[in-house]
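What follows is a single structure, written as structure tokens, with notes after it.
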Amino acid sequence: MRYTRQNGLVNKKKLRDSVAIIAGVGGLGNPAATYLALAGVGHMVLIDNDVIEKTNLNRQFLFTENDIGKNKVEVAKKRLLELNPEIKVTTQDGFEPFPKKTNIVLDCLDNWESREKLWDLALSKGIPVIHGAADEKFGQISILLSEKDTLPLKNKKERGCLILGAAAGVIGSQMALEALKVLNDGPSKKLITLNNQLNEIELGSPDYSHILIRFSEIWIKSPVTRMKMVKILKKNIETMVGEIPQFKNARMTLNFKQEYLSGLSRVFGIKSFSPSIFISLEALDGEFEKFAKTVLKGKSFRVTANRSWKGYPRNSITLERELGAIASEFGVVDLTKYEVELSVEIHQEGAYLFFRKVNGPGGLPYGCEGRATALFSGGIDSPVAAWMAAKRGAELEFLFLNPLGRALEAKVYNVFSRLKEWLPKSTLWTIDISKEIGEIQSAVNEGLRQIVYKRFMYRIAKEFSKEIRAYPLVTGESLGQVSSQTLTSLEVIKDSIDSLVLRPLIGMDKDEIVGMARLIGTFDASSKISEFCSIESHSNATPRLGKVLEEERKLLFNYGEILKRMRKAEPLEEVPIPEDFSGFNIVKMWEKLPELKKGNKYLFVCKGGHRSDEKALDARKKGFSAYSINYREAKKKKLI
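Here this note's numbering is used: the first residue of the sequence shown is 1496, the next is one more, and so on.
So, in structure tokens, the structure goes:
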């Protein structure tokens, strides 16, 4: 009886046997998940690690005031099962692993970097993606069947945070409708836009032949410096995509391959690039007509022409007017509020046709300014600082000074692996300093331990940089962010070494740094690493150098011996956390630790999760079934 009103519209068995992933349980995920649940989709997987905030309640109707502070997926799961107890709803924190026999993925996320990772993962498995986005009173939906379909959407920038709940509701509901069509009838490629009304457009893409690459500030350098940087940039592009670009007329070109696009978007020194069609100048008008017909399909447009070769007989204004007349058969000319910009670039050897520019990171070619050492903790700040230094041409080696053990090293390596997508030749080195941390805590007076610790880290980093010949240091310090980053503290810390110290974040506030971390793709991994480098409760924000030197005389560190512990950091195989901890022995790390007994299952809990991670890892190595969780999560799950 529940599904009587949809008889004949969809196949009930198909829906019952389907598995749908809903990534993001916010303004889009609420209506999308609700209507899929009501329609009888058999198994829904909810992915979101956010908690409910009051600002969500203007559009996320599965939640109420009483749910503020609770995990979104858990509340949504409960409500969806109340709406339809005949279905199965499960939750998970990250995209992987996909459940077996997943039929469709709904991208209801609000972060473009995460979206692209989700698309790549789903499409590599042949799973269609329903992508949705909403902003203010508008929105769009795309059905993605291959990597090629993602091209018009990639490299978007985050927009504002204003949204009408009704706009999100329209887009989310339409996503559910499109998902039901795909599950019942199979997928078809399309774009749906909400701009006062819903418009559905069949998508088409030209057959590209080349990728046209534009430089950033390289071209303002002197001829000698420019050619040096061009040579380095060519090598970096080859490293990233596996093909040497051709250089001519202030441009580089590559043969078009879909897989090159994501790599090029991470090459420092590239201002932008365009998938393009290369044609002879004689064939320009005829090929432009085919190009416009494929791309426009009734959309508004304008034509932009650029002549790199001034010997071409038609000037740019004439070209724009004449080519615009050709394209007007397939769309509507609108010079200010156009949907598509059809571009032509004239060179002596031929012309390039394209309709989109993909932004690169800009800056200078990686490595053109020499080598530096990045002090790396894996938190939110240090990856952003390293990325910004790399953007200005510094080739980086990374040093992680580990105060705990292998579990923390694995988390830091996970962050580094995200950054390594930008810096493929870099290496993360690690040195165990747990012994020295203990000595600082026991010997140095409260209030100056953090400063002594930072000076100790600087000195090790200085020795490391001499060893690998990467002399300046790059740190993630931001002026005034914590007591060890006041002007006085930074002066005292810098006094410990005579090397150049680069602090790219010095004038940025935390919101700006978080925004950059999201942009470069390190935020999610960094968010799993809580504070671990503070070794006292109350640090002195105005330390005096004389007092610090007095405290340091209590310590006798042999930096050469410490450096001998240096090794390359390594990942660990991730251990999934069980959903149900019934039957587990809860071990509170702030209490006396029990003797572990064979056959028992253990869940270790500490404030930040780092010490409990190490203890659980050690227990697993000894054959125990052991896991770790931080105090906040344990409270949320009512385990303590």
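Heads up, the beta-carbon is just placed ideally off N, CA and C, and yes, glycines get one too.
| query | result |
| --- | --- |
| To test your reading of the DSSP string, which unbroken alpha helix (DSSP H) runs of 4 or more residues are found completely within the stretch 1560-1620? | 1567-1578 and 1607-1619 |
| Hey, residue 1981 and residue 2036: beta-carbon distance below 8 Å or not? | yes |
| Spell out the partners DSSP gives residue 1802 in its beta bridges. | 1841 |
| Do the stretch 1780-1794 and the stretch 1874-1887 meet, that is, are 3 or more Cβ pairs less than 8 Å apart? | no |
| What first and last residue would you give for the beta strand (DSSP E) that runs through residue 1892? | 1890-1897 |
| Does DSSP put residue 1876 in a helix, in a strand, or in coil? | helix |
| Does the beta-carbon distance from residue 1799 to residue 1760 come in below 8 Å? | no |
| So for residue 1550, helix, strand or coil by DSSP? | helix |
| Specify whether the stretch 1750-1770 and the stretch 1853-1860 touch according to this definition: at least 3 beta carbon pairs, one from each stretch, less than 8 Å apart. | yes |
| What does the Cβ neighbour count give for residue 1810, buried or exposed, with the cut at 16 atoms within 10 Å? | exposed |
| Which of the three DSSP states, helix, strand or coil, is assigned to residue 1694? | Note that residue 1694 scores 46 on pLDDT, short of 50, meaning its location in the model is unreliable; the coordinates nonetheless yield the value given after this. Residue 1694: strand per DSSP, three-state reduction. |
| Closest to residue 1514 by C-alpha separation, out of 1733, 1988 and 1599, would be which residue? | 1599 |
| Determine the burial state of residue 1502: buried for a count of at least 16 other Cβ atoms within 10 Å of its Cβ, exposed for fewer. | exposed |
| Beta carbon of residue 1959, beta carbon of residue 1935: below 8 Å? | no |
| Rounded to the nearest angstrom, what separates residue 1900 and residue 1926 at their Cα positions? | 10 Å |
| Please work out which residues of its chain come closer than 7 Å, Cβ to Cβ, to residue 2152, disregarding the five sequence neighbours upstream and downstream, and give them in chain order. | Since the first residue of the chain shown is 1496 and the last is 2135, residue 2152 is not available in this structure. |
| Nearest to residue 1733 by alpha carbon, out of 1719, 1721 and 1748? | 1748 |
| DSSP on residue 1934, reduced to helix/strand/coil? | helix |
| Got a sec? Which residues, its chain only, sit under 7 Å from residue 1512 by beta carbon, not counting five neighbours each side? | 1537 |
| Taking DSSP as the reference, what is the three-state secondary structure of residue 1942? | coil |
| Residues in the same chain with beta-carbon distance under 6 Å from residue 2025, minus the five sequence neighbours each way, listed in chain order, please. | 2103 |
| Residues bridged to residue 1849 by DSSP? | 1838 |
| For residue 1690, which residues in the same chain have their Cβ closer than 8 Å to its Cβ, ignoring the five residues on either side in sequence? | Because residue 1690 carries a pLDDT of 47, less than 50, the predicted location of this residue cannot be relied on, and the following value inherits that uncertainty. Closer than 8 Å at Cβ, skipping near neighbours: 1633. |
| Provide the residue(s) that pair with residue 1724 in DSSP beta bridges, ordered along the chain. | DSSP lists no partner for residue 1724. |
| Please return the same chain residues whose Cβ sits closer than 6 Å to the Cβ of residue 2111, not counting the five positions on each side in sequence. | 2099, 2121, 2122 and 2123 |
| Could you check what DSSP says for residue 2097 in three-state terms: helix, strand or coil? | strand |
| For residue 2039 and residue 2091, what's the separation of their Cα atoms in angstroms? | 47 Å |
| Do the stretch 1941-1949 and the stretch 1865-1879 touch if we need at least three Cβ pairs shorter than 8 Å? | no |
| If you reduce the DSSP assignment to three classes, tell me which class residue 2033 lands in. | coil |
| Please identify the residue among 1583, 1746, 1628 and 1500 whose C-alpha is closest to the C-alpha of residue 1521. | 1628 |
| Below 8 Å between beta carbons: does that hold for residue 1584 and residue 1576? | yes |
| Would the stretch 2075-2084 and the stretch 2059-2067 be scored as touching if the rule is three or more Cβ pairs under 8 Å? | no |
| For residue 2108, count neighbouring Cβ atoms within 10 angstroms of its own Cβ and tell me buried if that reaches 16, exposed if not. | buried |
| Between residue 1847 and residue 1750, what straight-line distance do the alpha-carbon atoms span, to the nearest angstrom? | 12 Å |
| In the structure shown, what three-state DSSP assignment does residue 1524 receive? | helix |
| Can you tell me whether DSSP reads residue 1980 as helix, strand or coil? | helix |
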